[in-house]
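Take a look at the structure below.
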Amino acid sequence: MATEQPPVKRNRTDAAENEPHKSPSRSEVWYPDGNIVPLAQTTLFKVHKSILSDNSEILRDMFTLSQPTEESDIEGCPVVTLFDSALQVEHMLKALYNRRDQPQPGAATYALARIAHKYKIDHLFEDAIHRLRLRFPSTLSSFLDMPAIISDFDEFSCLETLLLARELDVPSLLPVAYLKISAHEEFPGILWGRFRLSDASVGTFPEADIKACALGRERLVRNQANICFSWLQGACRVQSCRDYRTKWFIRLWQPMPRFLAFLTWEDGQWEDALCSTCRNVAKEKFISGQQKLWELLPSYYNLPPWETLAEAAS
Ligand SMILES: [Zn+2]
Numbered sequence: 001m002a003t004e005q006p007p008v009k010r011n012r013t014d015a016a017e018n019e020p021h022k023s024p025s026r027s028e029v030w031y032p033d034g035n036i037v038p039l040a041q042t043t044l045f046k047v048h049k050s051i052l053s054d055n056s057e058i059l060r061d062m063f064t065l066s067q068p069t070e071e072s073d074i075e076g077c078p079v080v081t082l083f084d085s086a087l088q089v090e091h092m093l094k095a096l097y098n099r100r101d102q103p104q105p106g107a108a109t110y111a112l113a114r115i116a117h118k119y120k121i122d123h124l125f126e127d128a129i130h131r132l133r134l135r136f137p138s139t140l141s142s143f144l145d146m147p148a149i150i151s152d153f154d155e156f157s158c159l160e161t162l163l164l165a166r167e168l169d170v171p172s173l174l175p176v177a178y179l180k181i182s183a184h185e186e187f188p189g190i191l192w193g194r195f196r197l198s199d200a201s202v203g204t205f206p207e208a209d210i211k212a213c214a215l216g217r218e219r220l221v222r223n224q225a226n227i228c229f230s231w232l233q234g235a236c237r238v239q240s241c242r243d244y245r246t247k248w249f250i251r252l253w254q255p256m257p258r259f260l261a262f263l264t265w266e267d268g269q270w271e272d273a274l275c276s277t278c279r280n281v282a283k284e285k286f287i288s289g290q291q292k293l294w295e296l297l298p299s300y301y302n303l304p305p306w307e308t309l310a311e312a313a314s
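Residues 1 to 314 (the UniProt record's numbering) are what the sequence shown spells out, left to right.
Next comes the structure, spelled out in structure tokens:
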């Protein structure tokens, strides 16, 4: 992949790291008939070696190679230390034992994607990435059809997605993560926040992402005028039709440029005051313009075309 790799800005603030001598506590993931006790940070889990081994060759090898001592036994089961956050391990174990409970909400999806990638649990990884693709799709139709409940902007998920897409090499998630940030009405102020991430660290937007969003925003608003809203400047004999288009042209650009190109035509409610001759032409120009803008979207953030991004993810 040719995508730029900005440094991940994270400040570890995990409570467990600040309390190295804290006694381990038992997780609610504790099966009395389990036969192995993973320890992550200061949390113990009691599960079944065969279930973990069947799902992950890496865990299977780890169990085979570890040499438990009597001192590390709990209830006669060997304790195996995992160098992951307790939260990540809990999400992984719950997902392995309760697969019908999918999908997991927000932060759990990112944690699960990371730990499933690490231990090569392909089906959990694919499930998590599938849920992220619903929020950060790579086709215009999926983007326009996104239910409001998952299209709502939140900076946390955009930042997490940018970080995860690069860490785990799923670059097709990047364009919509950038789009959601750079098309936001409160841009650029939203970029200066500090966010609690799914691994309990605190993150800020990397400088390279801030630059990409700033450049992308400029390109988006310029190109939407030329590509999606060219119909606003067309000639027409009907005075009310011309006035209406002038009004929308001003609304698009003043007092600050707004990005409206990925509303649906119906949601934009632009056609009511157009004359019948202009209405169809305008709609056709807008919809074909949307498709063109979508195809160009990755380039606005200096990313390769959609096809290349998709290949990298496969
Ligand atoms: Zn007209």
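Glycine included, every Cβ here is placed at the ideal spot set by N, Cα and C.
{"Check": "Burial state of residue 281 (16 or more Cβ within 10 Å)", "Outcome": "exposed"}
{"Check": "CA nearest to the CA of residue 43, picked from 86, 168, 303", "Outcome": "86"}
{"Check": "Reduced DSSP secondary structure (H/G/I, E/B, other) of residue 185", "Outcome": "coil"}
{"Check": "Alpha carbon of residue 114 to alpha carbon of residue 311, nearest angstrom", "Outcome": "20 Å"}
{"Check": "Residues passing the C-beta test against ligand 1 heavy atoms, cut-off 5 Å", "Outcome": "236, 238, 241, 275, 278"}
{"Check": "The stretch 223-240 in contact with the stretch 177-190 per 3-pair CB rule at 8 Å", "Outcome": "no"}
{"Check": "Length of the line joining the Cα atoms of residue 108 and residue 273", "Outcome": "47 Å"}
{"Check": "Buried versus exposed, by CB contacts within 10 Å (16 or more), residue 65", "Outcome": "exposed"}
{"Check": "Rounded separation between residue 255 and residue 243 - CA only", "Outcome": "19 Å"}
{"Check": "Same chain, Cβ closer than 6 Å to residue 144, neighbours up to 5 away in sequence not counted", "Outcome": "264"}
{"Check": "For residue 194: DSSP bridge partner residues", "Outcome": "204"}
{"Check": "Residue 211 to residue 205 span [Cα, whole Å]", "Outcome": "10 Å"}
{"Check": "Straight-line Cα distance separating residue 220 from residue 299", "Outcome": "10 Å"}
{"Check": "Secondary structure of residue 130, DSSP reduced to three states", "Outcome": "helix"}
{"Check": "Proximity winner among 92, 134, 142, 136, relative to residue 123 (alpha-carbon distances)", "Outcome": "92"}
{"Check": "Entirely enclosed alpha helix (DSSP H) segments - the stretch 210-273, minimum 4 residues", "Outcome": "239-253, 265-268"}
{"Check": "Residue 169 versus 156, 181, 117, 180, residue with shortest Cα-Cα distance", "Outcome": "117"}
{"Check": "Residues of its chain near residue 301, where Cβ-Cβ distance is below 6 Å and the 5 sequence neighbours each way are ignored", "Outcome": "178, 212, 216"}
{"Check": "Status (buried if at least 16 other CB within 10 Å, exposed otherwise) for residue 41", "Outcome": "buried"}
{"Check": "Exposure label - residue 196; buried when at least 16 CB within 10 Å", "Outcome": "exposed"}
{"Check": "Residue span of the beta strand (DSSP E) that contains residue 25, given as start and end", "Outcome": "25-30"}
{"Check": "Distance, residue 158 Cα to residue 180 Cα", "Outcome": "7 Å"}
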